[in-house]
Every structure is written in C-alpha cells, then in structure tokens.
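See structure below.
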C-alpha cells in the first residue's frame with residue numbers, strides 16, 4: 015500500500031506537466047515586423063495610422079524609437095487597410 019501514494023502523485027505530476035507542455039508547444043509564436051519607421055512620421059500621421067490599425071483589429075507595438083511593429087501574419091491586412 016505505501017507504494018500506491020507516491021506512484022499516484024508521480025502520475026499526477028506527469029499528467030499536469032504533459033498537459034502544460036502540449037499547451038505551450040502548440041501555441042504559435044508571434045513575430046513582429048516593422049510596418050512604419052519613426053523617421054518618416056510626424057505625430058499626426060502616427061495617430062492616424064494607429065487609429066486605422068485599431069479600427070481594423072490589427073495588434074501593434076511601438077519600439078523605443080517610435081516605429082510601429084505589427085505581426086508578420088497581419089502585414090497584408092495592414093497594407094490593404096492602412097496604405
């Protein structure tokens with residue numbers, strides 16, 4: 015009987031670990047690419063572009079220089095709506 019409890023705990027740990035691994039292994043990584051450089055934008059142009067990205071549900075990030083980055087898979091959608 016004393017062997018059952020550690021074996022049961024080991025199976026639970028393996029199951030939870032396997033489920034966590036399966037969840038994170040299937041989660042696609044998002045690669046962001048530069049969509050608009052900070053060099054060629056004034057604040058008015060930046061705000062207009064950000065509002066268009068928001069209106070079309072395109073996620074974005076800004077880097078420390080002020081450039082706008084979007085996910086690589088959203089480039090075609092961003093070009094069609096924001097150009």
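Numbering (my numbering), first residue to last: 15 to 97.
Ideal Cβ positions, reconstructed from N, Cα and C, are used throughout, including at glycine.
Proximity below 9 Å, CB of residue i to CB of residue j
| i | j | result |
| --- | --- | --- |
| residue 50 | residue 82 | yes |
| residue 84 | residue 46 | yes |
9 Å Cβ cutoff, residue i in contact with chain D
| i | result |
| --- | --- |
| residue 39 | Given the protein chain composition of this structure (a single chain), no chain D is represented. |
Rounded Cβ spacing between residue i and residue j (contact assumed at less than 8 Å)
| i | j | result |
| --- | --- | --- |
| residue 96 | residue 59 | Not quite, the Cβ-Cβ distance comes to about 11 Å (not below 8 Å), so this is no contact. |
| residue 2 | residue 87 | With the chain covering 15 to 97 only, the question about residue 2 has no answer from this structure. |
| residue 36 | residue 80 | Actually they do not touch by this definition, with Cβ atoms about 39 Å apart. |
For residue j and residue i, the rounded distance between their alpha carbons
| i | j | result |
| --- | --- | --- |
| residue 55 | residue 43 | 29 Å |
| residue 29 | residue 89 | 39 Å |
| residue 94 | residue 78 | 26 Å |
| residue 31 | residue 22 | 14 Å |
| residue 68 | residue 34 | 32 Å |
| residue 19 | residue 27 | 12 Å |
| residue 75 | residue 16 | 55 Å |
Start and end residues, alpha helix (DSSP H) containing residue i
| i | result |
| --- | --- |
| residue 84 | Note, residue 84: premise wrong, no alpha helix (DSSP H); beta strand (DSSP E) at 82 to 85. |
| residue 78 | Per DSSP, residue 78 belongs to no alpha helix (DSSP H) and is neither H nor E. |
| residue 55 | Per DSSP, residue 55 belongs to no alpha helix (DSSP H) and is neither H nor E. |
Residue range of the unbroken beta strand (DSSP E) whose run includes residue i
| i | result |
| --- | --- |
| residue 50 | 46 to 50 |
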